[in-house]
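Going line by line, the protein sequences match chains C and W. The working numbering applies: residue 4 is where the first sequence begins, and numbers increase by one. The working numbering applies: residue 4 is where the second sequence begins, and numbers increase by one. One structure is given here, and the rest of the page talks about it.
Number of protein chains: 2
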Amino acid sequence: MNKSYVGQPFILYHGWRSSASRRVRLCLAEKGLSYESRLVNMLKGEQHSPEYLSINPNGVVPALLHGDRVLYESSAIAEYLDELFPEPSIRPRDAYDRLVMRNFVRWVDDYCLPRLIVFNWSQAMQAAATQWSDRELAERIARVPSASRKEAWTRVARKPYSDEEKADAMTGLLKLLEKMQAMLANDHSWIVGERLSIADLAAIPFVMRINELNPSAIANFPFVESWWNRVRQRPSFSEARICAFTATDAEVEAL
Amino acid sequence: MNKSYVGQPFILYHGWRSSASRRVRLCLAEKGLSYESRLVNMLKGEQHSPEYLSINPNGVVPALLHGDRVLYESSAIAEYLDELFPEPSIRPRDAYDRLVMRNFVRWVDDYCLPRLIVFNWSQAMQAAATQWSDRELAERIARVPSASRKEAWTRVARKPYSDEEKADAMTGLLKLLEKMQAMLANDHSWIVGERLSIADLAAIPFVMRINELNPSAIANFPFVESWWNRVRQRPSFSEARICAFTATDAEVEAL
Numbered sequence: 004m005n006k007s008y009v010g011q012p013f014i015l016y017h018g019w020r021s022s023a024s025r026r027v028r029l030c031l032a033e034k035g036l037s038y039e040s041r042l043v044n045m046l047k048g049e050q051h052s053p054e055y056l057s058i059n060p061n062g063v064v065p066a067l068l069h070g071d072r073v074l075y076e077s078s079a080i081a082e083y084l085d086e087l088f089p090e091p092s093i094r095p096r097d098a099y100d101r102l103v104m105r106n107f108v109r110w111v112d113d114y115c116l117p118r119l120i121v122f123n124w125s126q127a128m129q130a131a132a133t134q135w136s137d138r139e140l141a142e143r144i145a146r147v148p149s150a151s152r153k154e155a156w157t158r159v160a161r162k163p164y165s166d167e168e169k170a171d172a173m174t175g176l177l178k179l180l181e182k183m184q185a186m187l188a189n190d191h192s193w194i195v196g197e198r199l200s201i202a203d204l205a206a207i208p209f210v211m212r213i214n215e216l217n218p219s220a221i222a223n224f225p226f227v228e229s230w231w232n233r234v235r236q237r238p239s240f241s242e243a244r245i246c247a248f249t250a251t252d253a254e255v256e257a258l
Numbered sequence: 004m005n006k007s008y009v010g011q012p013f014i015l016y017h018g019w020r021s022s023a024s025r026r027v028r029l030c031l032a033e034k035g036l037s038y039e040s041r042l043v044n045m046l047k048g049e050q051h052s053p054e055y056l057s058i059n060p061n062g063v064v065p066a067l068l069h070g071d072r073v074l075y076e077s078s079a080i081a082e083y084l085d086e087l088f089p090e091p092s093i094r095p096r097d098a099y100d101r102l103v104m105r106n107f108v109r110w111v112d113d114y115c116l117p118r119l120i121v122f123n124w125s126q127a128m129q130a131a132a133t134q135w136s137d138r139e140l141a142e143r144i145a146r147v148p149s150a151s152r153k154e155a156w157t158r159v160a161r162k163p164y165s166d167e168e169k170a171d172a173m174t175g176l177l178k179l180l181e182k183m184q185a186m187l188a189n190d191h192s193w194i195v196g197e198r199l200s201i202a203d204l205a206a207i208p209f210v211m212r213i214n215e216l217n218p219s220a221i222a223n224f225p226f227v228e229s230w231w232n233r234v235r236q237r238p239s240f241s242e243a244r245i246c247a248f249t250a251t252d253a254e255v256e257a258l
């Protein structure tokens, strides 16, 4: 049943700066899969439009169409791509390593992502969101499906994160480097197992942002530093356009 | 490398009434795998002891030892068991169905579990926790690894959930039945794919509790009702000892 899907086209709904979108673009690039790009304009609220919600009811990017299949949740998309296009594999061979990979990716999503949002949304959304009228804000928030994202939009529009909250968020993000340093200590190459895996691809967008926000941090974690030098050399890094957070959409697309 | 682990013994750290523990016991039963049972006494705070935290740093049940391997996170344990012991499989054959299964299980964990805790903790922990002195409570909470569980312990000990919060939590839990009804409508048998999967096993502990708390609810969802009748007939249901939440540990163990 899967076989007939192997040749189907991909359409990716995404944002150039979104961490989960970057993760899926990295997976597609490692697999050598091309796709039609459809940018979702978060400031315009396109992710909460009825059209987009009919694709991804969670109202977040990315979403991936594969033929007539609709896929969302970046970690599940990554495993799907590896099941349908097994070579080169982006999952470890060993079942236990796969468990460690899945738990790492979930920890990145549950623990690191809410902390990264503090910085990304402050930088990308706050200037516009503070200009919205109370009525416009209320209308926008009414369309957001999840409680945590409703809260994030309210914060960025009306009660921007304080310096203390940002410091706490950075302390949390640095735990990613600490955890990676311990996991890379096993064989110094990849976070889990014998080759690059979804764990590495999940970490890249976060390490990219930590390095932009706190340029001296990585040097304290030498295994992470050498991993970071290696993953940036891979063709997938440029193919997925993991570039500066300050780049405009036009600049990213011109790469 | 996995082959040598197939014969290794299992030791399960768990609670009889914990939903995640029930999920893992159901997986083990469906696979015909036996294990040594080690109950973790949540009221005594054994899940936050240094010994247990060295097994599961998240400080929650269950954890599974497989030989010298330490496994935690019930959804990842379930996939590990299916990778190491492929028959009978508890994952759909089709890659897209596996994606739908993973997203369903994650939604159950992220959306339904915090709402079920409102009822389970009120029923199982509140009587004892309200008796703890402020000092004892502070000492206990200091040992809890996650912010959300610190909050849950504080709530149950000092600010029990209100009737309104319980009504909101039940409204949320009923969305599980609504979602299952829609998913079962595909072929009326299993939540995803052609056979019982981790999605069904993840749902069972939640439907069990919804049925105990709100006995008239399931009848509104006829596909769920027939699914519920079928899954309770399976040997795994009794082997995993999915029994009344009010049963004592001694009563469960006497089954």
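For glycine and all other residues, C-beta sits at the position ideal for the given N, C-alpha and C. Note that the coordinates shown come from a computational prediction; the quantities given were computed from them, not determined experimentally.
Residue environment: Asn-232 (chain W) is assigned as exposed (fewer than 16 neighbouring CB atoms within 10 Å of its CB, all protein chains considered). Listed along chain C are Tyr-75, Glu-76, Ala-79, each with a C-beta nearer than 8 angstroms to that of Asn-106 (chain W). In the three-state DSSP reduction, Ile-58 (chain C) falls in the helix class (H, G or I). C-alpha of Gly-175 (chain C) to C-alpha of Asn-223 (chain C): approximately 15 angstroms in a straight line.
Judged by their CB atoms, Leu-140 (chain C) and Trp-156 (chain C) are nearer to each other than the 9 angstroms cut-off.
Residues of chain W with a Cβ closer than 9 angstroms to the Cβ of Glu-82 (chain C) are, in chain order, Ala-98, Arg-101, Leu-102, Arg-105.
Under the Cβ distance rule, Leu-176 (chain C) does not count among the residues neighbouring chain W, no pair being separated by less than 9 angstroms.
Leaving aside the five residues that flank Pro-238 (chain W) on each side, the residues in its chain whose CB is nearer than 8 angstroms to its CB run, in chain order, Ala-32.
Your pair Val-73 (chain C) and Ser-24 (chain C) does not check out as a contact, with CB atoms roughly 16 angstroms apart and the cut at 8 angstroms. Ala-131 (chain C) counts as exposed, since fewer than 16 other C-beta atoms from the protein chains shown sit within 10 angstroms of its C-beta.
The DSSP-derived three-state label of His-51 (chain W) is helix. Using a 10 angstroms sphere on the CB of Val-195 (chain W), the tally of other CB atoms reaches 16 or more, which defines it as buried.
Here Ser-151 (chain W) carries a helix assignment [DSSP, helix/strand/coil]. When the beta-carbon positions are compared, Met-173 (chain W) and Phe-226 (chain W) stay at least 9 angstroms from each other. Non-local C-beta neighbours of Arg-118 (chain W) in its own chain, meaning closer than 7 angstroms and more than five positions away in sequence, comprise Ala-172, Gly-175, Leu-176, ordered along the chain. Sorting W:Gln-126, W:Leu-199, W:Val-121, W:Asp-203 by C-alpha distance to the C-alpha of Glu-167 (chain W) places W:Val-121 at the top. In the DSSP assignment, Ser-40 (chain C) falls outside any alpha helix (DSSP H) and within the unbroken beta strand (DSSP E) covering 39 to 42.
Per the Cβ contact rule, the segment 83 to 103 of chain C is not in contact with the segment 51 to 63 of chain C (fewer than 3 Cβ pairs under 8 angstroms). Residues of the segment 116 to 147 of chain C that bring their beta carbon within less than 7 angstroms of a beta carbon in chain W are absent altogether. Residue burial annotation: Ser-136 (chain W) is exposed, with fewer than 16 other C-beta atoms found within 10 angstroms of its C-beta. Taken through DSSP and simplified to helix, strand or coil, Leu-15 (chain W) comes out as strand. The C-alpha of Ala-188 (chain W) is placed about 29 angstroms away from the C-alpha of Gly-10 (chain C). Between Asp-100 (chain W) and Glu-39 (chain W), the CB-CB gap reaches or exceeds 9 angstroms. With a cut-off of 8 angstroms on Cβ pairs, the segment 101 to 115 of chain W is in contact with the segment 197 to 213 of chain W, counting three or more such pairs. For Arg-28 (chain W) against His-17 (chain W), the beta-carbon gap comes to about 7 angstroms, under 8 angstroms, which counts as contact. Taking 8 angstroms as the cut-off between beta carbons, none of the residues of the segment 176 to 195 of chain W comes near chain C. When only Cα atoms are considered, Glu-256 (chain W) and Ala-247 (chain W) end up about 13 angstroms apart.
For a Cβ distance threshold of 7 angstroms, residue set Tyr-99 of chain W lies close to Arg-72 (chain C), ordered along the chain. Partner residues in the beta bridge of His-69 (chain C), as assigned by DSSP, are C:Phe-13, C:Arg-72.
Under the DSSP assignment, Phe-122 (chain W) falls in the alpha helix (DSSP H) whose first and last residues are 116 to 127. Residue burial annotation: Glu-76 (chain W) is buried, with at least 16 other C-beta atoms found within 10 angstroms of its C-beta. If you look at Gly-175 (chain C), you'll find it in the alpha helix (DSSP H) that goes 166 to 187. In this structure, Leu-36 (chain W) sits away from Leu-102 (chain W), with a CB-CB distance that is not shorter than 9 angstroms. Of all residues in the segment 233 to 249 of chain C, none comes within less than 7 angstroms of chain W when Cβ atoms are compared.
Not a single C-beta of chain W is nearer than 9 angstroms to the C-beta of Glu-90 (chain C).
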